[in-house]
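The structure appears right after this line, and notes come after that.
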DNA sequence: TGCGTGTATAACCTTCTGGCATGGATGTGG
DNA sequence: CCACATCCATGCCAGAAGGTTATACACGCA
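Chains as they are written, first to last, in the UniProt record's numbering: chain A, 1 to 303; chain B, 1 to 303.
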């Protein structure tokens with residue numbers, strides 16, 4: 001009786017959403033594909049998991065039983081996966097470092113150099129993560145340690161140390177009325193369309209839309225992108241504006257886009273993060289120390 | 001990162017056998033198929049799990065890590081599967097009963113009738129198991145309770161009550177020199193070719209070859225079968241002889257085959273078995289009581 | 001040199017999965 | 001009362017994946 005973790009993920013999504021249509025959306029597959037997969041899972045087990053109705057899909061008792069156990073199964077698999085990868089990188093003397101585009105920026109060079117001095121036999125494998133994964137691969141076990149920006153979903157399950165903070169600016173298309181101003185109040189941007197991160201990034205998306213600083217007004221979404229390049233294009237083409245760390249003005253300068261300081265939004269925090277299981281990995285800890293020693297002050301307190 | 005339990009099973013088989021060729025045999029797939037699957041698993045994880053050599057496949061450190069965790073993952077899945085199916089059958093008021101061909105024989109009718117009286121609202125779903133599964137579906141969660149013969153592999157993980165015992169006889173082709181004898185000593189059969197169960201049935205196969213009563217002499221295998229019909233044909237066609245419970249003489253009588261009593265082999269035990277998790281399932285316990293009350297004596301002690 | 005024991009590759013077939021378009025059932029609002 | 005929105009199910013097609021057989025390649029050994 002062989003099952004794919006994919007089937008379990010699909011099943012859980014339907015169980016949680018209570019409807020094929022919404023679950024399909026969340027999973028980025030078409031609704032007919034989900035219909036077929038769920039039916040196949042039921043056939044495989046020989047058990048009806050849902051009762052169908054016009055209002056959606058409701059779990060049967062048996063479905064409830066499976067839905068209760070599936071999350072632990074998936075988590076156990078993820079855990080085994082992480083540990084396997086960690087063993088591999090340790091055996092090969094490779095430290096896998098994930099980073100978000102424009103996370104630590106110029107500090108990165110210094111950190112790597114310092115780490116190379118401290119661990120001469122080790123190689124550093126830098127991996128840039130897509131924006132859809134604000135943990136930069138840490139959640140999947142793709143990397144041992146990551147340079148990230150706070151806050152992000154799942155942050156509580158990881159160990160985090162803040163390295164420094166940086167003001168958030170706004171990126172505007174060149175011809176925008178506000179583009180000539182030296183400084184902009186955030187409330188002036190409330191009604192602007194924003195270029196946003198995909199919905200599945202949750203708290204991350206909200207943070208860069210600054211929903212907390214809008215006094216309850218919903219943001220307008222002009223476009224959704226998940227890569228730096230798409231993001232820049234969307235802004236340059238006038239689909240919307242976007243908040244970005246100050247350093248983006250240097251690292252993502254491009255004709256057609258201007259960056260301006262914004263008041264009234266909290267600064268962005270750059271941090272180094274690792275998994276609890278790497279707490280006792282001396283190489284990871286060495287890297288963390290190199291981060292702390294090669295970035296400007298406010299990195300005393302854990303976040 | 002989606003994985004199939006099949007991939008984990010394949011991986012474990014190769015890890016345990018230390019060679020693709022032998023593992024492929026055990027898994028009943030071709031060696032090239034296994035080669036591809038293992039490579040795919042490695043690509044999926046981005047980790048080398050084995051070092052290849054002419055002498056076989058040796059686990060890497062990372063492979064060792066995964067091999068240590070995989071059995072628990074598979075067991076957890078099997079457990080969830082069993083519980084889900086059990087919930088389903090309980091909700092539908094169906095008791096799924098597995099049985100081996102010729103397990104309880106004539107007693108079966110009485111047991112079912114008694115159970116129907118005790119649990120009027122319930123339906124009994126009888127499922128005959130293939131000989132390749134001496135647990136009659138209990139191990140996979142296909143059934144809630146099973147009528148089996150002892151001993152079988154995995155018996156210790158289940159709850160078992162012996163119902164009665166039955167002498168083992170021998171089934172011979174009609175023209176066989178011993179076919180005219182009233183009674184046969186087992187040592188007279190030591191050099192006969194036997195019709196055996198498939199190798200993967202382990203202790204079950206050994207029991208019906210009576211390897212324990214051969215004083216260390218290896219049995220001769222004349223044919224391997226996994227269905228009653230094949231088994232009867234193999235014997236009738238003279239590929240070998242086979243031990244069988246006395247009742248087979250009634251239930252599997254057929255021209256070309258004679259059954260004769262054998263001395264020097266222990267009797268076969270017929271038992272009812274259930275999983276530890278069904279220990280508190282009152283319906284299963286009712287069925288067990290019906291078994292005990294509708295079979296001849298020696299069912300006082302748990303086996 | 002030929003054989004046995006390993007793994008890898010090639011060519012081919014079948015099954016599975018996903019996407020799109022569409023159908024059927026059932027409420028809901030103008 | 002009809003048009004529309006919201007569900008899930010079905011049919012059809014393309015591409016990917018798993019399986020099989022035949023064969024290649026590497027090596028130790030008689």
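Note that beta-carbon positions come from the ideal geometry of N, C-alpha and C, so glycine has one too.
These figures come from a predicted structure and were not determined experimentally.
How long is the line joining the alpha carbons of residue i and residue j, rounded to whole angstroms?
| i | j | result |
| --- | --- | --- |
| residue 303 of chain A | residue 294 of chain A | Per-residue confidence for residue 303 of chain A stands at a pLDDT of 48, beneath the threshold of 50, marking its modelled position as unreliable; no derived number is given. |
| residue 95 of chain A | residue 283 of chain A | 8 angstroms |
| residue 180 of chain B | residue 212 of chain B | 26 angstroms |
| residue 21 of chain B | residue 31 of chain B | 6 angstroms |
| residue 253 of chain B | residue 172 of chain B | 11 angstroms |
| residue 222 of chain A | residue 206 of chain A | 15 angstroms |
| residue 292 of chain B | residue 166 of chain B | 16 angstroms |
| residue 215 of chain B | residue 191 of chain B | 13 angstroms |
| residue 16 of chain A | residue 10 of chain A | 10 angstroms |
| residue 251 of chain A | residue 108 of chain A | 13 angstroms |
| residue 285 of chain A | residue 69 of chain B | 25 angstroms |
| residue 48 of chain A | residue 41 of chain B | 31 angstroms |
| residue 14 of chain B | residue 65 of chain A | 33 angstroms |
| residue 135 of chain A | residue 82 of chain A | 14 angstroms |
| residue 178 of chain B | residue 170 of chain B | 10 angstroms |
| residue 98 of chain A | residue 72 of chain A | 26 angstroms |
| residue 128 of chain A | residue 101 of chain A | 6 angstroms |
| residue 4 of chain A | residue 261 of chain A | 49 angstroms |
| residue 200 of chain B | residue 125 of chain A | 45 angstroms |
| residue 93 of chain B | residue 117 of chain B | 14 angstroms |
| residue 228 of chain A | residue 37 of chain A | 34 angstroms |
| residue 91 of chain A | residue 61 of chain B | 7 angstroms |
What are the boundary residues of the alpha helix (DSSP H) that includes residue i?
| i | result |
| --- | --- |
| residue 286 of chain A | 282-293 |
| residue 250 of chain B | 248-251 |
If you follow the beta strand (DSSP E) that residue i is in, where does it begin and where does it stop?
| i | result |
| --- | --- |
| residue 268 of chain A | 268-274 |
| residue 146 of chain A | 145-150 |
| residue 244 of chain B | 242-245 |
| residue 228 of chain A | Run containing residue 228 of chain A: none in the beta strand (DSSP E); it sits in the alpha helix (DSSP H), 228-236. |
| residue 259 of chain A | 257-263 |
| residue 96 of chain A | 94-100 |
Using a Cβ cut-off of 7 angstroms, pull out every chain A residue sitting near residue i, in sequence order please.
| i | result |
| --- | --- |
| residue 1 of chain B | 81, 140 |
| residue 65 of chain B | 83, 84, 87 |
| residue 181 of chain B | Within 7 angstroms Cβ-Cβ: nothing; residue 181 of chain B doesn't reach chain A, min ~46 angstroms. |
Please determine, among the options, the residue with the shortest C-alpha to C-alpha distance to residue i.
| i | options | result |
| --- | --- | --- |
| residue 142 of chain B | B:172, B:212, B:182, B:78 | B:78 |
| residue 87 of chain B | B:144, B:104, B:22, B:55 | B:144 |
| residue 255 of chain A | A:246, A:193, A:237, A:270 | A:237 |
| residue 103 of chain A | A:264, A:260, A:290, A:244 | A:244 |
| residue 106 of chain A | A:85, A:270, A:262 | A:270 |
| residue 259 of chain B | B:277, B:274, B:232 | B:232 |
| residue 56 of chain A | A:75, A:230, A:24 | A:24 |
| residue 267 of chain B | B:208, B:275, B:287 | B:208 |
| residue 54 of chain B | B:43, B:220, B:131, B:18 | B:18 |
| residue 348 of chain A | A:27, A:12, A:288 | Any answer about residue 348 of chain A is impossible in this case: the structure gives chain A only from 1 up to 303. |
Against residue i, what residues of chain A qualify as contacts under a CB-to-CB distance less than 9 angstroms, listed in chain order?
| i | result |
| --- | --- |
| residue 93 of chain B | None at all; the shortest Cβ gap to chain A is about 12 angstroms. |
| residue 123 of chain B | By Cβ distance, chain A contributes nothing, its closest Cβ being about 16 angstroms from residue 123 of chain B, past 9 angstroms. |
| residue 39 of chain B | Correct list: empty, because the minimum Cβ distance to chain A is about 16 angstroms. |
| residue 110 of chain B | Here the premise fails: no neighbours, minimum Cβ distance about 28 angstroms. |
| residue 26 of chain B | The premise fails here: residue 26 of chain B is roughly 16 angstroms from chain A at the closest Cβ pair, so nothing lies under 9 angstroms. |
What does residue i touch in chain B if you count any residue whose Cβ is under 8 angstroms from its own?
| i | result |
| --- | --- |
| residue 85 of chain A | 45, 46, 47, 62 |
| residue 127 of chain A | In chain order: nothing, as chain B lies at least about 11 angstroms away. |
Could you list which residues in chain B have their beta carbon closer than 9 angstroms to that of residue i, in chain order?
| i | result |
| --- | --- |
| residue 5 of chain A | 1, 2, 3, 4, 5 |
Against residue i, what residues of chain A qualify as contacts under a CB-to-CB distance less than 8 angstroms, listed in chain order?
| i | result |
| --- | --- |
| residue 77 of chain B | 3, 73 |
| residue 149 of chain B | Result: empty, since nearest Cβ-Cβ is about 24 angstroms, beyond 8 angstroms. |
Starting from residue i, find everything on chain B with Cβ-Cβ shorter than 7 angstroms and list it in chain order.
| i | result |
| --- | --- |
| residue 52 of chain A | Neighbours of residue 52 of chain A on chain B: none; closest Cβ ~16 angstroms, over 7 angstroms. |
Could you check whether the Cβ of residue i sits closer than 6 angstroms to any heavy atom belonging to the ligand ADP?
| i | result |
| --- | --- |
| residue 254 of chain A | The ligand ADP is absent from the structure shown, which contains no ligands of any kind. |
Beta strand (DSSP E) segments (min. 3 residues) lying fully within the UniProt domain "HTH lysR-type" (3-60) of chain B: 50-53, 56-59
Sequence ranges, beta strand (DSSP E) only - wholly within the segment 152-224 of chain B, length at least 3: 159-166, 168-173, 193-196, 220-224
Length at least 4, wholly inside the segment 116-140 of chain B: the alpha helix (DSSP H) runs in chain order: none
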